[in-house]
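Numbering (the numbering used here), first residue to last: 2 to 433.
Glycine included, C-beta positions come from ideal geometry on N, C-alpha and C.
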Amino acid sequence: MFSVRVNMPRQEMDGFGVCLAFHQAGMLKKHPKCDEVLDLLFDTAGTSILRNIVGDGGIWGDDTNGPIPTIEPEEGVWEFDVDHEQVWAAREAAKRGCNQVMATAWSPPYWMKTNACVHDGGELREDKYQAFAEYLSAYVRSWKEHFGIELMAISPANEPDLVTKYSSCIWSGEQYLKFVRDYLGPVFEKDQIQAKVIMPEPTSCVAHVEDYTDLIFADEAATKVVDIVGLHGYGHDSVIAPVRGAAEHGKKVWQTELCDINVMEEWQRGDDIVNGIFWAKNIHDYLSAMEVSAYIYFWGTSIYPNGGNLVAIDMETGEIKVPKRLYTFGNYARYVRPGYQRVTVYGTDTETHVDAFLSPANDELVMVTTNPLDREATFYVDLPGLEVKGIRAVRTSATEDLAEITPAALDDKGRMKETLPPMSVTTWILKL
Numbered sequence: 002m003f004s005v006r007v008n009m010p011r012q013e014m015d016g017f018g019v020c021l022a023f024h025q026a027g028m029l030k031k032h033p034k035c036d037e038v039l040d041l042l043f044d045t046a047g048t049s050i051l052r053n054i055v056g057d058g059g060i061w062g063d064d065t066n067g068p069i070p071t072i073e074p075e076e077g078v079w080e081f082d083v084d085h086e087q088v089w090a091a092r093e094a095a096k097r098g099c100n101q102v103m104a105t106a107w108s109p110p111y112w113m114k115t116n117a118c119v120h121d122g123g124e125l126r127e128d129k130y131q132a133f134a135e136y137l138s139a140y141v142r143s144w145k146e147h148f149g150i151e152l153m154a155i156s157p158a159n160e161p162d163l164v165t166k167y168s169s170c171i172w173s174g175e176q177y178l179k180f181v182r183d184y185l186g187p188v189f190e191k192d193q194i195q196a197k198v199i200m201p202e203p204t205s206c207v208a209h210v211e212d213y214t215d216l217i218f219a220d221e222a223a224t225k226v227v228d229i230v231g232l233h234g235y236g237h238d239s240v241i242a243p244v245r246g247a248a249e250h251g252k253k254v255w256q257t258e259l260c261d262i263n264v265m266e267e268w269q270r271g272d273d274i275v276n277g278i279f280w281a282k283n284i285h286d287y288l289s290a291m292e293v294s295a296y297i298y299f300w301g302t303s304i305y306p307n308g309g310n311l312v313a314i315d316m317e318t319g320e321i322k323v324p325k326r327l328y329t330f331g332n333y334a335r336y337v338r339p340g341y342q343r344v345t346v347y348g349t350d351t352e353t354h355v356d357a358f359l360s361p362a363n364d365e366l367v368m369v370t371t372n373p374l375d376r377e378a379t380f381y382v383d384l385p386g387l388e389v390k391g392i393r394a395v396r397t398s399a400t401e402d403l404a405e406i407t408p409a410a411l412d413d414k415g416r417m418k419e420t421l422p423p424m425s426v427t428t429w430i431l432k433l
């Protein structure tokens with residue numbers, strides 16, 4: 002049996018997100034089924050965070066997979082009338098209820114880098130720390146002033162521990178500390194930037210994260226600048242565990258990028274319910290073991306191969322493909338809204354995975370249950386202290402996609418007992 006304890010709160014949720022960077026927003030805009038894809042991502046799945054790239058103006062790639070124009074192509078030369086693809090995506094997302102936009106800098110512009118290009122690693126030149134801090138401030142302000150969009154958060158670096166052929170920049174922990182404390186913090190304070198600062202977004206967790214956060218949290222001034230610890234979960238060596246020092250310093254933790262790269266076995270790949278269950282379990286692990294406040298899948302949609310997106314698009318045939326992971330992602334994202342509080346769930350059943358969330362008004366409890374087994378499982382839950390006025394339920398399985406089902410009534414002790422189909426994710430919405 003499980004027991005939900007609403008009087009034992011855990012982390013506040015900020016939402017669930019996707020990314021449309023590197024011209025994927027532009028590709029989607031041209032697609033004949035553009036509106037259908039947008040509806041799937043932001044209505045059906047209920048995505049509430051859009052992750053963008055801070056344009057660096059690089060010359061690698063092309064207009065189907067490449068860098069975004071920069072607002073400062075040369076030092077002191079400002080061009081704010083750029084980024085139209087991502088602005089379009091943000092506005093389309095907002096029409097469908099997604100009003101939170103974050104932006105990550107994969108690389109500073111070439112003229113700030115030690116290798117004089119945005120790709121193949123390189124570092125931020127020490128004499129350009131001030132320029133990059135002012136650049137990020139200008140980027141946040143430009144979205145508000147030119148497009149009327151308030152960025153909720155900005156991240157100075159993406160995977161600062163990785164050299165890639167696409168936009169990238171290497172940062173050591175010491176370099177990051179100096180930049181955040183001595184440059185970014187003072188500039189953001191002077192310019193009254195309200196966007197939250199996310200860092201460090203390394204490739205994997207949790208050791209790579211702490212290479213940066215240990216130094217930040219040991220410095221009082223730097224700690225004040227950082228609002229959110231961001232991380233990625235790539236690699237089989239990733240450990241989903243609390244980030245040392247984050248809770249003690251009052252910092253939320255976000256999982257800001259993850260897809261099928263080096264995170265699953267071959268048999269778990271594909272578009273079927275096996276893959277959908279993998280991602281539901283992954284979300285559960287990050288919520289319960291790391292206590293993240295946001296979970297962002299990498300590509301919302303893209304031209305990339307199967308597994309890297311929630312909705313696959315084919316630019317030649319015009320067809321779209323909707324894998325089960327979109328719907329199991331939606332079992333969380335559509336119903337666990339920003340501001341909901343995860344609450345403690347006790348249980349002796351180690352095979353079924355359960356998460357519970359209380360609405361800000363304390364008038365709704367959302368439970369998400371995942372049965373990863375190839376057989377039925379019994380979900381028996383106690384709800385002490387709750388007066389339940391009504392129950393809805395939606396399920397994703399091999400034959401269902403966020404389908405409304407008829408839930409069982411509570412017994413005379415206020416408990417609920419349900420049979421969960423094999424390989425299924427069920428969301429329960431309880432009105433209180």
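* Grab the span of the beta strand (DSSP E) containing Gly16 for me, first residue to last. => 16-20
* To do: Closer than 7 Å by C-beta to Asn263: which residues in its own chain qualify, once you throw out the five before and the five after it? Chain order, please.
  => Tyr235, Gly236, His237
* To do: Please say whether Glu73 and Pro33 have beta carbons closer to each other than 8 Å?
  => No; because the gap between Cβ atoms is not below 8 Å, this pair is not in contact.
* To do: May I have the straight-line CA-CA distance separating Gly340 from Ala362, to the nearest angstrom?
  => 10 Å
* Span of the beta strand (DSSP E) holding Ala394? -> 391-397
* Asked: What are the boundary residues of the alpha helix (DSSP H) that includes Ser425?
  -> First-last for Ser425: 425-432, but that is the beta strand (DSSP E), not the alpha helix (DSSP H).
* Quick one: what does DSSP say Ile50 is sitting in, helix, strand or coil? -> strand
* To do: Could you work out which residue in Lys414, Ala399, Glu401, Leu431 is closest to Pro408 when comparing CA atoms only?
  => Nearest option by C-alpha distance: Leu431.
* **Paired residues, beta bridge with Asp356 - DSSP** => Val369
* **When Ile314, Thr379, Arg393 are compared against Gly348, the one with the closest alpha-carbon** => Thr379
* Asked: Is the Cβ-Cβ distance between His120 and Thr71 less than 8 Å?
  -> Against a cut-off of 8 Å, the Cβ pair of Thr71 and His120 comes out as no contact.
* Measure from the C-beta of Tyr111 to each C-beta in chain C and report whether the shortest distance is under 8 Å. => Although the question refers to chain C, the structure presented lacks it and comprises just one protein chain.
* Asked: How is Gln25 classed by DSSP in three states: helix, strand or coil?
  -> helix
* To do: With DSSP collapsed to three states, give me the class of Gly348.
  => Gly348 carries a strand assignment under DSSP once its states are collapsed to helix, strand and coil.
* Taking the alpha carbon of Asp330 as the point to measure from, which residue in Glu317, Leu288, Ser205, Ile406 has its own alpha carbon closest? -> The residue you asked about is not Asp; residue 330 is Phe in the sequence shown. Looking at the Cα atoms, Leu288 is the closest of the given residues.
* Using DSSP with H/G/I as helix, E/B as strand and the rest coil, what is Ile150? -> Three-state DSSP puts Ile150 in coil, outside helix and strand.
* To the nearest angstrom, how far is it from the Cα of Met28 to the Cα of Leu433? -> 43 Å
* Assess, as a yes-or-no matter, whether the stretch 119-138 is touched by the stretch 83-90 under the definition of 3 or more beta carbon pairs within less than 8 Å. => no
* Going by DSSP, name the residue or residues bridged to Trp280. => For Trp280, which the question treats as bridged, DSSP gives no partner whatsoever.
* When you compare only the Cα positions, how much space is there between Leu311 and Gly47? -> 12 Å
* Own chain partners of Ala281 with C-beta closer than 7 Å, once the 5 adjacent residues on each side are dropped -> For Ala281, where only same-chain residues beyond five positions count, the Cβ hits under 7 Å are Thr329, Asn332, Thr371, Val426.
* **Cut-off 6 Å between Cβ atoms - residues of its own chain near Ala94, not counting five sequence neighbours on either side** => Phe43, Leu51
* To do: Along the beta strand (DSSP E) that carries Phe3, what are the first and last residues, could you check?
  => Per DSSP, Phe3 belongs to the beta strand (DSSP E) from 3-13.
* Identity of the residue in Arg376, Leu403, Asp356, Arg396 nearest Arg6 by Cα -> Asp356
* **beta strand (DSSP E) segment containing Gln256, residue limits** => 253-258
* Roughly how many whole angstroms lie between the Cα atoms of Thr115 and Phe81? -> Approximately 25 Å between the Cα atoms of the pair.
* Asked: Can we say the stretch 287-303 touches the stretch 239-259, given the rule of at least three CB pairs closer than 8 Å?
  -> yes
* Check whether the Cβ atoms of Ala154 and Ile194 sit closer than 8 Å, and answer yes or no. => Contact annotation: Ala154 and Ile194 have beta-carbon atoms that are not nearer than 8 Å.
* To do: Select from Ser143, Glu401, Ala208 the residue whose C-alpha is nearest the C-alpha of Asp192.
  => Ser143
* Cβ atoms of Tyr381 and Phe3: under 8 Å apart, would you say? -> Against a cut-off of 8 Å, the Cβ pair of Tyr381 and Phe3 comes out as a contact.
* Coarse secondary structure for Ile199, derived from DSSP in three states -> strand
* How would you call Arg396, buried or exposed, if buried means at least 16 neighbouring beta carbons within 10 angstroms? -> buried
* Got a sec? Which residues, its chain only, sit under 6 Å from Pro157 by beta carbon, not counting five neighbours each side? -> Ala106
* Among Ser398, His147, Asp63, Gly77, which one has its Cα closest to the Cα of Ile274? -> Ser398
* Asked: Using CA coordinates, which residue listed in Ser173, Phe279, Ala313 is at the minimum distance from Ala26?
  -> Ala313
* Quick one: what's got a C-beta closer than 8 Å to Leu421's C-beta in the same chain, skipping five residues either side? -> Thr353, Thr370, Asn372, Glu377, Ala378, Thr379, Phe380, Thr427
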